[in-house]
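Asker: Pasting a structure below so you can have a look.
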Amino acid sequence: MKPGLPYLSLITFLPLAGSLVVLLLPKTQERAMKVAALGASVASLLLTFCAWTRFVPSAGMMFVERHSWITALHVDYYVGVDGLSIAMVFLTALVTPLAMLAHWKLKDNVKLFFFLFLLLQTGMFGVFTALNFFHWFIYWELGLIPMFFLIKIWGHENRTYASFKFFIYTLAGSIGMLVAFGFLWMATGTFDFVELRSLAANGDLAKKIAVFVGDVNGRFGWHWNVTTFTSVLFWATLVGFAIKVPIWPFHTWLPDAHTQAPTGGSMVLAAILLKMGVYGFLRVVLPIFPSQVAAHVDILLLLALASIVLGAFAALAQTDFKRLVAYSSVNHMGYAMLGIFATAATAGPEMLNEKAAALNGAVLQMFNHGISSAALFFMVGVIYDRTHTRALAEYGGLRKIMPIYAGVLGITMFSSLGLPGLNGFVGEFLIFKGAFPVVTTVTVVATIGLVVTAVFLLQMMQKVCFGPLNEKWQWLPDMTACELFIGAVLMLFMFLIGIYPAPLLDAANDAVLALVRLF
Amino acid sequence: MSVPLGYYLMLGGVLFCIGLCGALTRKNAIAVLMSIEIMFNAAILNFVVFWYYLHNGALTGQMFALFAIAVAAAESAVGLALVISVYRHYRSVDVDEMKALKG
Amino acid sequence: MNELVKQQWLIPFLPLVAAAVQSLLPRKARKLSAGICLTAMGASCVLALRAFVGTLGHHEAERAVWNFVWFDYGTTRLQLGFILDPMTAAMALMVTFVGFWIFVNATGYMSDDENFTRFFCFLSLFAAAMLGLVVANNLLMLFMCWELVGLCSYLLIGFWYFKPSAATAMKKAFITTRIGDVGFFLGILMLSWQAGTLNLYDGGNGALEQAGKLAGLHGWFGWSMATTIAVLLFIGAMGKSAQFPLHVWLPDAMEGPTPVSALIHAATMVAAGVFMVGRMFALFTAGGSAEHPTFAMDMVLWVGCFTALFSATIAVGQFDIKRALAYSTCSQLGFMMMALGAGGLVPGQFHLLTHAFFKALLFLGSGCVIIGTHHEQDMRKMGGLRKYMPITFWCYLIGMLALAGVPPFAGFFSKDEVLLVTFQRSKVAWGLATFAAFLTAFYMTRQMFMVFAGKWRGGHHEPHEVRWNMWLPIAVLSVFAIGLGFFGGKYEHYLGVHEEELHGKSLVMGLSVAVGAAGILLGWLMYGRKTMAHAEEPDPLEVKLGALFTCLNRKWYVDEFYDATIIRATMLLGEFWRVFDNRVIDGILHGIAWTAWGVSQVVRWVGDEFVINGGFDAGCEGVRLTGREFAKLQTGRIQGYLRILCLGAVILLVIWYLK
Amino acid sequence: MNIVFLTLSAIMVLGAVLAVTLRNLVHCLLALVVFFLGIAGHFFLLKADFLGAAQILIYIGAVAVLILFAIMLTRNISGTEGGRSSLGGAWWLGVGLASSLAGMMCVFVRRSELVTKLPYGATEEGVVKEIGKLLVTDWVVPLEIMAVLLTAALIGAVVIALEEEKKR
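Okay, here's the thing in structure tokens:
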């Protein structure tokens, strides 16, 4: 490929540059900070858009930049996007400025907030573009630290507990991953995702691990078993991602963190940080450990199923608006995981199209959930700003005084519920369509989730918007123009993908097919 | 003219030490500054001397001297401003009285 | 026909555009809003009529389809498509026509509601979704529209959202149908897996065209694949068409404005289920015969039959004018299903059409009554309306006679065909259905007498006749309620289905007329001879039946049963998993955290406090003392420093020199 | 040995010694000017005409005048230091250290092989033009930096000298 503009580096580091600008601005220039932060983020968005228009799905990795970095460790600065990541990069570029806009009226500690936010964006971009574990991991952790502070400083009443739980849990998960990759490096001498993938595909990875284990045993007189060792590596990596997704039973940090985070933090957390985990499955777990995934697919499917069903049931019992939305994320991520694991459930090319449908659906679901959960959390934030309560029982009849809010919340809710015509449906349909022939029983049980999702979302809608108006909220103003703008942008994408999902699917399909063919 | 290099160097050294002596002994801050100017000039003289004896056709030595002169000028301007500022504060330019940094 | 099918998309598209435009209209633009809606619906009606005329000339069961690609995935693609065949054309014409008059009526019914434009927006969307469902040649597209129909019913039932009962009813409607939809969804998944396509007709490759092949495959529970899929699809139809046990949402749906009830119970939502079963009929029958019908057919037959009777009994015990009609709808849908289950595609579909007309008429008529009596819905507080609302009375009477199956009204012909085809299949079902027909005649008579006969019991406000835009639609519909029945034979011919000679025609017809007359007679005996004098007076039937009547009035306690079992179990499960998360999973997490904390405490006390901290403190003290001593060297005198510097230089030089 | 060199050096050393020992600061300044002139003379001797001119302009024209202003701003006009000694308490220490350093330096110079080194060769005329060219070509960046430094020093000096005034 001929070298062009270094899109990915520009996209990734623009927010970082913006964060430095925010840092250098004098403390009193709050408006300038906000404008600078938003400007940097929007510039990234425009660049991402340009990149997408130049994106060729069949070309494999696009916009590749590869520079030798740490030669002693064979580490390259290696970035690129393919069909699996381009949508995620776009999602990051789209949701982050909206989340910033949601905090346009922020008063306390403006500089730090926008600085951290831009830093977070760089981290997220980096995770979706980096192709070398070394700097990928740096970005991975970079996504963690600003979020910790966002929750810790601007969070709600129980923020300390939530932020520590989030931080320590995720960190603990990634430590296992780091160790696993350390061993992989010792065995193969590379941190390169693409290279590891091709090693795994032609069987060299297993051979190299076997040689490495033999070497270790010979040198220290230990008795490591190659299969066990590989499984340990696999599980260490998987748990790191599973915590991030999160898959049941690693999900309990999520309701706390989401509930306590400030609105923009929740939006980004749900829309993008969770996708980092799912993306990890697509980029790391499936390509590098295909046979291990296939070997343990029953357990994994059960966990995905538990996420779907139990997440939905737990959401049903929530009394806190934001917590309910947070649990809906567990449920929705469960669908994506179902699609991903269904891919690994059978070997051979017989069910190629079914598995491709499931995986395409999972990719689409990632994007869709990014849009609709961001919108849902934003809507929670809008109402929280006005009422300073998140208890569902406190609301009621808000549609009477806030008709626009009710309308936007309704559309968002139905998008999350998977109503045809809105984005959620296409992804879920594809996942189910693909998973049903492959893992019929699991899919049939998973449909319980569809019903329970509808129940808790409609119950939420009823408690917030319908019924008699709670007299306390007589004076509440409807959504402001700025808030409506954020909602409108997100809704635009809900309708767009719901009616015409082809651009997203076309972008992803080639990469998905390549991934499916690994099994 | 055939003065050997050594004499010039000794001259520079002596002048430098005279300046040093002044900087070590004078109480008046302005006098100290003047002594420092003497040290500076001795050093600059050395630059020129080395250039003259060892220049190999290049003008680097002179350039260095030129820049040193400019820096010295800047230094003396700031130094004297400091002295005036200190004088305003202490009503004195006695260096023995400037000991606010005592540990 | 091949050109016409390419314009089928316009039929749902026009109301959709109208809905989209209205969602952006300000509240005040009432006239504009209604105008846009009626124009769009009228135009759709004209298009549907054109399509209908286009299909008329063909004697064989011809159909034209037009499929297009929605998106690609894997190495294949997902298609959607439109269809034009007689069933679609007739249905589309009915929906647009009845829908148009319901819209007209709604302009009157909703005239003083503040959310007038919003109402018409939802109504248009509803019509668009229903029409999309009708013209879809793809099960996925059908399902999508099906869900949108559900959405619109949700929005419209909860139109008066500030009433807690409406807020609950809207949720109930959506969730109950959603439960059915899961079955439908699984059916779609199964079909797309087994047939490899979701297109219904696709030049020989369509899903329905493969029904024979599917009948040869093994499915679940020992059924053939076709039957499995059909059963799953029928679960969806049960939800949508309010068949037992998923019927509970329909009566509650009366919380919506009355035009909505008319639309839901006549032209659209409930019709969707019956229509879908008709559309997928090939799958239901595949692998079975008249002697040995498939399980799917049996299921449709008996569910329909039971619902017809069950709902009819409940309708007898209702006092709310709309609720009684709602249960009557349930019952009539049961008739349709029963006909389909008995293998009578034509009677089922024909009854759907005629029922749409007279049930829309009845609902709109009840709407007129409600408006005329200043929003009174309790029949006990009505009475004597014949005098005050003559036009409404006559139209309502026509509708009632049609529903009761009195010749020569439309209902008589279609219901007669239904009973006839059921008679061929199962005498038991036929008997039950005939009894249900008797009950139908009875409860409709009861309603007529309670509402229109006797004298006004409603209090001070005297009722009045409604304005023209409300009575005109029912007048138009009543023309069809009279005349449509005569086209039954033509319709069979039109659909291109040639059914074998049916026996027992005269018996069935005679009995049907007889039970209709008996029902009306009984109704007159109990309610007409001596009309109610006061609103508080007990119902004559209540006096006769006692506890059984209460049971009917409370709808056989099905809702209470669901509340106590399924809903309660669901909520408990939710609570359980919430507590599980908070106690067990988080408990384990906290346990790990506490353990780590405990270990760190021990390490702190044993190791740090004595060893490291002790040493550290001593070190600190030393550093501090040293610092204090050395600080004394800092005289602050610059010349002192300079001296030291100088000394250092000299010493260095001396050392160097000595070296 | 050159008579001009010796004379000039003697005058310079004298000027320097007077500049650091005289009690009256104005006198010191005059002696310092003599010293500056001597340095300039040496520059001329060493064929560094441009530097010599720069030395006179900068040191005598600017620095000396600046020092004079400083003296007048901090003392009465005569610039004497009153009855107190002009030298600090440990003056003998300073003198001793400086002279021992001077001694060591001379020793090292004598030990070096450079001692007898004679001039490199005939230094061509027209060096000034060359310097001008070099300043705007090879040395343009240092020159610019120098300009910035001087500007900064100028502003800095003004700010420092003004600061106390503002506080009052």
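Chains as they are written, first to last, in the working numbering: chain A, 1266 to 1784; chain B, 774 to 876; chain C, 89 to 747; chain D, 17 to 184.
C-beta atoms are modelled at their ideal positions from N, C-alpha and C, and glycine is treated no differently.
Since the structure is predicted, the reported quantities are computational estimates derived from the model, not experimental observations.
Pick out the complete alpha helix (DSSP H) segments inside the segment 119 to 200 of chain C, 4 residues or longer, and give them in chain order.
Answerer: Counting whole runs of 4 or more residues, the segment 119 to 200 of chain C contains the alpha helix (DSSP H) stretches 174 to 197.
Asker: Would you kindly work out how many angstroms separate the C-alpha atoms of C:L735 and D:S116, rounded to a whole number?
Answerer: The straight-line gap from Cα to Cα measures roughly 9 Å.
Asker: Quick one: which residues of the segment 46 to 65 of chain D get their C-beta closer than 8 Å to a C-beta of chain B? List them in chain order.
Answerer: Under the 8 Å Cβ criterion, the segment 46 to 65 of chain D contributes L48, F51, F52, I55, H58, F59, L61, L62, K63, A64.
Asker: Against chain A, which members of the segment 450 to 483 of chain C pass a CB distance test of less than 7 Å?
Answerer: So the list is empty, because no residue satisfies the distance condition.
Asker: Report yes or no: is there a C-beta of chain C within less than 8 Å of the C-beta of B:V859?
Answerer: Not an interface residue.
Asker: Short of 8 Å Cβ to Cβ, which residues in the segment 673 to 702 of chain C face chain B?
Answerer: Within the segment 673 to 702 of chain C, no residue qualifies.
Asker: Compare the Cα-Cα distances from B:L839 to each of B:I791, B:Y863, B:L818 and report the closest residue.
Answerer: The residue with the shortest Cα to Cα distance from B:L839 is B:L818.
Asker: Just checking: is the beta-carbon of D:L130 within a distance shorter than 8 Å of some beta-carbon in chain C?
Answerer: By this cut-off, D:L130 is not an interface position.
Asker: Look at the Cβ atom of C:A448, then the Cβ atom of C:L565, and state whether they are nearer than 8 Å.
Answerer: Yes; because the gap between Cβ atoms is below 8 Å, this pair is in contact.
Asker: How would you list, in chain order, the residues of chain C whose beta-carbon sits under 7 Å from the beta-carbon of B:D869?
Answerer: In chain order: R725.
Asker: Could you check whether the Cβ of D:T96 sits closer than 8 Å to any Cβ belonging to chain B?
Answerer: Residue placement at D:T96 cannot be trusted, given a pLDDT of 49 that sits under 50; what the coordinates show is reported in the next sentence. Cβ-Cβ to chain B under 8 Å: no for D:T96.
Asker: Going by DSSP, what residue range makes up the beta strand (DSSP E) through C:G497?
Answerer: Here the sequence assigns Phe to residue 497 of chain C, which means Gly is not the residue at that position. Where C:F497 is concerned, there is no enclosing beta strand (DSSP E), given that its DSSP letter is neither H nor E.
Asker: Would you tell me roughly how many angstroms separate the C-alpha atoms of B:A816 and C:K720, rounded to the nearest one?
Answerer: Each residue's Cα considered, the two are about 34 Å apart.
Asker: Since A:C1730 meets chain C, which of its residues come closer than 9 Å, beta carbon to beta carbon?
Answerer: By Cβ distance, chain C contributes Y249, A255.
Asker: Report yes if the C-beta distance between A:Q1525 and A:H1421 is below 8 Å; otherwise report no.
Answerer: Yes, these two residues count as a Cβ contact at 8 Å.
Asker: Taking C:A621 as the reference, which of C:F332, C:L104, C:G472 has the closest Cα?
Answerer: Closest option to C:A621, Cα to Cα, is C:G472.
Asker: At what residues does the alpha helix (DSSP H) containing C:R666 begin and finish?
Answerer: 656 to 667 is the span of the alpha helix (DSSP H), which, as asked, contains C:R666.
Asker: Is the distance from the Cβ of C:M426 to the Cβ of C:A384 below 8 Å?
Answerer: Not a contact, by the Cβ cut-off of 8 Å.
Asker: Is B:I803 close to chain D, meaning its C-beta is less than 8 Å from at least one C-beta of that chain?
Answerer: Yes, because at least one Cβ of chain D sits closer than 8 Å to the Cβ of B:I803.
Asker: Let me check one thing: in DSSP terms, what residues is A:S1333 bridge-paired to?
Answerer: Partner(s): A:D1341.
Asker: Anything in chain C within Cβ reach of B:A873, meaning under 8 Å, just list it in chain order.
Answerer: Here the neighbours are G724.
Asker: Comparing the C-beta of C:L735 with each C-beta of chain D, is any distance below 8 Å?
Answerer: Closer than 8 Å to some Cβ of chain D, the Cβ of C:L735 qualifies, so yes.
Asker: Please confirm whether C:L740 has its beta-carbon closer than 8 Å to some beta-carbon of chain B.
Answerer: By this cut-off, C:L740 is not an interface position.
Asker: Tell me, please, whether the CB atom of C:L730 is closer than 8 Å to any CB atom in chain B?
Answerer: So, interface residue.
Asker: Here's the rule I'm using: 16 or more other beta-carbon atoms within 10 Å means buried, otherwise exposed. How should D:F85 be labelled?
Answerer: That one is exposed.
Asker: Nearest chain D C-beta to B:I842 closer than 8 Å, yes or no?
Answerer: Yes, its Cβ sits closer than 8 Å to a Cβ of chain D.
Asker: Any beta-carbon of chain A closer than 8 Å to the one on C:S280?
Answerer: Closer than 8 Å: yes.
Asker: Taking 8 Å as the threshold (C-beta atoms), are C:Q727 and B:L797 in contact?
Answerer: Yes. Within cutoff.
Asker: On the DSSP letters alone, give me the boundaries of the alpha helix (DSSP H) that C:W685 sits inside.
Answerer: Start and end: 674 to 691.
Asker: Where DSSP assigns a beta bridge to B:D867, which residues make up the other side?
Answerer: B:N801, per the DSSP bridge assignment.
Asker: List the residues of chain C that A:D1771 touches, going by C-beta distances under 7 Å, in chain order.
Answerer: Here the neighbours are D160.
Asker: Grab me the residues of A:A1333's own chain with a C-beta within less than 7 Å of its C-beta, minus the 5 sequence neighbours each way, in chain order.
Answerer: The residue asked about is misnamed: residue 1333 of chain A is Ser in this sequence, not Ala. Closer than 7 Å at the Cβ level, and outside the excluded window around A:S1333, lie D1341.
Asker: Contact defined as beta carbons within less than 8 Å: I believe A:V1628 pairs with A:A1773. What is the distance between those atoms, to the nearest angstrom?
Answerer: Rounded, the Cβ-Cβ distance is 5 Å, consistent with contact.
Asker: Determine which residues of the segment 142 to 153 of chain D have a Cβ less than 9 Å from any Cβ of chain B, and write them out in chain order.
Answerer: Within the segment 142 to 153 of chain D, the residues whose Cβ lies closer than 9 Å to some Cβ of chain B are V143, E146, I147, L150, L151, listed in chain order.
Asker: Kindly indicate if chain B contains any beta-carbon less than 8 Å away from that of D:T23.
Answerer: So no, D:T23 is outside the interface.
Asker: What is the DSSP secondary structure of A:A1526, counted as helix, strand or coil?
Answerer: If DSSP states are grouped into helix, strand and coil, A:A1526 belongs with coil.
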